[in-house]
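Protein sequence lines, in the order shown, are assigned to chains A and B. Note that the first sequence covers residues 63 to 175 in my numbering. Note that the second sequence covers residues 2 to 112 in my numbering.
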Amino acid sequence: NAGVTQTPKFQVLKTGQSMTLQCAQDMNHNSMYWYRQDPGMGLRLIYYSASEGTTDKGEVPNGYNVSRLNKREFSLRLESAAPSQTSVYFCASSVGSGNYEQYFGPGTRLTVT
Amino acid sequence: GDSVTQMEGPVTLSEEAFLTINCTYTATGYPSLFWYVQYPGEGLQLLLKATKADDKGSNKGFEATYRKETTSFHLEKGSVQVSDSAVYFCAYMDSNYQLIWGAGTKLIIKP
Numbered sequence: 063n064a065g066v067t068q069t070p071k072f073q074v075l076k077t078g079q080s081m082t083l084q085c086a087q088d089m090n091h092n093s094m095y096w097y098r099q100d101p102g103m104g105l106r107l108i109y110y111s112a113s114e115g116t117t118d119k120g121e122v123p124n125g126y127n128v129s130r131l132n133k134r135e136f137s138l139r140l141e142s143a144a145p146s147q148t149s150v151y152f153c154a155s156s157v158g159s160g161n162y163e164q165y166f167g168p169g170t171r172l173t174v175t
Numbered sequence: 002g003d004s005v006t007q008m009e010g011p012v013t014l015s016e017e018a019f020l021t022i023n024c025t026y027t028a029t030g031y032p033s034l035f036w037y038v039q040y041p042g043e044g045l046q047l048l049l050k051a052t053k054a055d056d057k058g059s060n061k062g063f064e065a066t067y068r069k070e071t072t073s074f075h076l077e078k079g080s081v082q083v084s085d086s087a088v089y090f091c092a093y094m095d096s097n098y099q100l101i102w103g104a105g106t107k108l109i110i111k112p
């Protein structure tokens with residue numbers, strides 16, 4: 063039981079390049095989330111998926127797109143990376159979108175130069 | 002607007018010292034409150050939670066009490082260990098079931 067896995071762990075991009083961050087969970091959770099973590103700030107929600115087949119914007123969605131590929135997988139895409147997107151990205155999942163504990167992956171550290 | 006305020010870190014303590022990390026929130030109603038912990042190189046994990054006023058959450062020797070009068074949820078531990086060194090995040094769940102996070106407090110415990 064791996065929980066929430068993310069790939070890659072580290073990535074360096076040049077401005078304007080694109081990439082997809084992958085996330086998968088094996089807990090049969092319905093809801094999945096993408097956050098970014100910046101120094102001195104709390105986690106900020108980028109997008110979430112309350113259930114398979116649905117996605118919704120969070121607090122900071124600009125410059126990102128997501129795909130809920132199936133119940134297990136939820137990917138985050140940067141179409142044209144910018145230095146402001148340098149951050150640590152966390153994927154999380156929960157049983158549902160209500161008052162449930164969120165389980166986090168180990169994170170992806172992304173640097174955009 | 003809705004927000005969570007935590008004491009700034011890093012907080013540096015000696016082993017076996019008493020720990021308090023302050024957390025206050027601004028929200029409507031009485032949201033569920035959480036403390037998450039992030040150990041070095043890992044993702045966040047739930048440490049404890051409280052879902053209604055006066056509830057006390059506890060886990061691994063840590064405690065926090067939901068104080069609606071002061072809108073606070075301070076984290077305490079009576080005797081910290083080196084293994085408690087981590088970043089601690091306070092959060093609450095808003096009416097849309099989204100977590101609102103504090104900035105995190107880095108805790109360093111020296112042997």
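Note that beta-carbon positions come from the ideal geometry of N, C-alpha and C, so glycine has one too. Here the structure is a predicted model, which means the values were calculated and not measured.
Whose CA, out of the options, lies closest to the CA of residue i?
i	options	result
Gly120(A)	Ser80(A), Ser155(A), Phe136(A) and Trp96(A)	Trp96(A)
Phe166(A)	Ala112(A), Gln87(A), Arg130(A) and Lys76(A)	Gln87(A)
Ala51(B)	Thr6(B), Gly2(B), Met8(B) and Thr66(B)	Thr66(B)
Asp55(B)	Lys61(B), Ser33(B), Ile22(B) and Glu43(B)	Ser33(B)
Gly104(A)	Pro112(B), Ser80(B), Ile101(B) and Leu76(B)	Ile101(B)
Asn60(B)	Gln99(B), Thr71(B) and Phe35(B)	Phe35(B)
Gln73(A)	Ala64(A), Leu83(A), Ser113(A) and Thr67(A)	Leu83(A)
Glu64(B)	Ser84(B), Thr72(B), Asn23(B) and Gly30(B)	Asn23(B)
Glu70(B)	Ala104(B), Thr29(B), Ser15(B) and Gly2(B)	Thr29(B)
Gly58(B)	Glu9(B), Gln82(B), His75(B) and Val83(B)	His75(B)
Leu138(A)	Asn127(A), Leu131(A) and Asn132(A)	Asn127(A)
Tyr151(A)	Gly65(A), Ala64(A) and Pro70(A)	Pro70(A)
Gln68(A)	Tyr31(B), Glu43(B) and Ala18(B)	Glu43(B)
Asp29(A)	Leu108(B), Glu77(B) and Ala104(B)	An answer regarding residue 29(A) cannot be provided, because it is not within the stretch 63 to 175 covered by chain A.
Phe90(B)	Arg106(A), Cys85(A) and Glu135(A)	Arg106(A)
Pro41(B)	Ser96(B), Ser86(B) and Tyr93(B)	Ser86(B)
Gly65(A)	Tyr110(A), Cys85(A) and Gly158(A)	Cys85(A)
Pro168(A)	Tyr162(A), Gly158(A) and Cys153(A)	Cys153(A)
Leu131(A)	Thr77(A), Gly78(A), Ser111(A) and Lys76(A)	Ser111(A)
Lys133(A)	Pro123(A), Ser149(A), Ser113(A) and Val122(A)	Ser113(A)
Please list the partners that residue i has in chain C, where partner means a Cβ-to-Cβ separation under 8 Å.
i	result
Gly10(B)	No chain C is part of this structure, whose protein chains are labelled A and B.
Straight-line CA distance for residue i to residue j?
i	j	result
Leu172(A)	Gln147(A)	8 Å
Ile110(B)	Tyr37(B)	18 Å
Thr25(B)	Thr170(A)	29 Å
Pro11(B)	Leu48(B)	19 Å
Val5(B)	Pro145(A)	27 Å
Ser142(A)	Ile108(A)	16 Å
Val125(A)	Arg98(A)	For the sequence presented, residue 125(A) should be read as Gly rather than Val. Looking at the two C-alpha atoms, the distance is approximately 13 Å.
Leu140(A)	Ala18(B)	45 Å
Tyr31(B)	Gln82(B)	33 Å
Pro84(B)	Glu9(B)	According to the sequence as given, residue 84(B) is Ser; it is not Pro. Going from the Cα of Ser84(B) to the Cα of Glu9(B) covers about 20 Å.
Gly79(B)	Thr21(B)	9 Å
Thr135(A)	Val174(A)	A small fix is needed here, since residue 135(A) is Glu in this sequence, not Thr. Approximately 24 Å between the Cα atoms of the pair.
Gln7(B)	Lys107(B)	11 Å
Thr35(A)	Thr13(B)	Since the first residue shown for chain A is 63 and the last is 175, residue 35(A) is missing from the structure and cannot be characterised.
Lys95(B)	Glu163(A)	The question names Lys, but residue 95(B) is Asp in the sequence shown. Each residue's alpha carbon lies about 14 Å from the other.
Asn90(A)	Val157(A)	8 Å
Considering just the uninterrupted stretch of the beta strand (DSSP E) at residue i, what are its terminal residues?
i	result
Leu34(B)	Leu34 to Gln39
Tyr89(B)	Ala87 to Met94
Gln68(A)	Val66 to Thr69
Ser93(A)	Ser93 to Gln99
Thr60(B)	Residue 60(B) is actually Asn in this sequence, not Thr. Unbroken beta strand (DSSP E) run through Asn60(B): Lys57 to Asn60.
Thr6(B)	Ser4 to Gln7
Leu47(B)	Leu45 to Ala51
Glu64(B)	Phe63 to Thr66
Tyr126(A)	Tyr126 to Arg130
Met81(A)	Met81 to Gln87
Tyr26(B)	Cys24 to Thr27
Lys107(B)	Thr106 to Lys111
Gln82(B)	Looking at the DSSP string, Gln82(B) is not in any beta strand (DSSP E), and its letter there is neither H nor E.
Gln99(B)	No beta strand (DSSP E) contains Gln99(B), which DSSP labels as neither H nor E.
Whole-angstrom Cβ separation of residue i and residue j, contact assumed at under 8 Å?
i	j	result
Ser93(A)	Ser155(A)	6 Å
Gln39(B)	Val88(B)	4 Å
Gly160(A)	Tyr98(B)	5 Å
Quick one: does the C-beta of residue i sit closer than 7 Å to a heavy atom of the ligand MG?
i	result
Ser86(B)	Only the bare structure without any ligand can be found here, which leaves the ligand MG out of the picture.
Report task. Identify every run of the beta strand (DSSP E) within the segment 138-172 of chain A, keeping only runs that are complete inside it and at least 3 residues long; order them along the chain. Result -> 149-156
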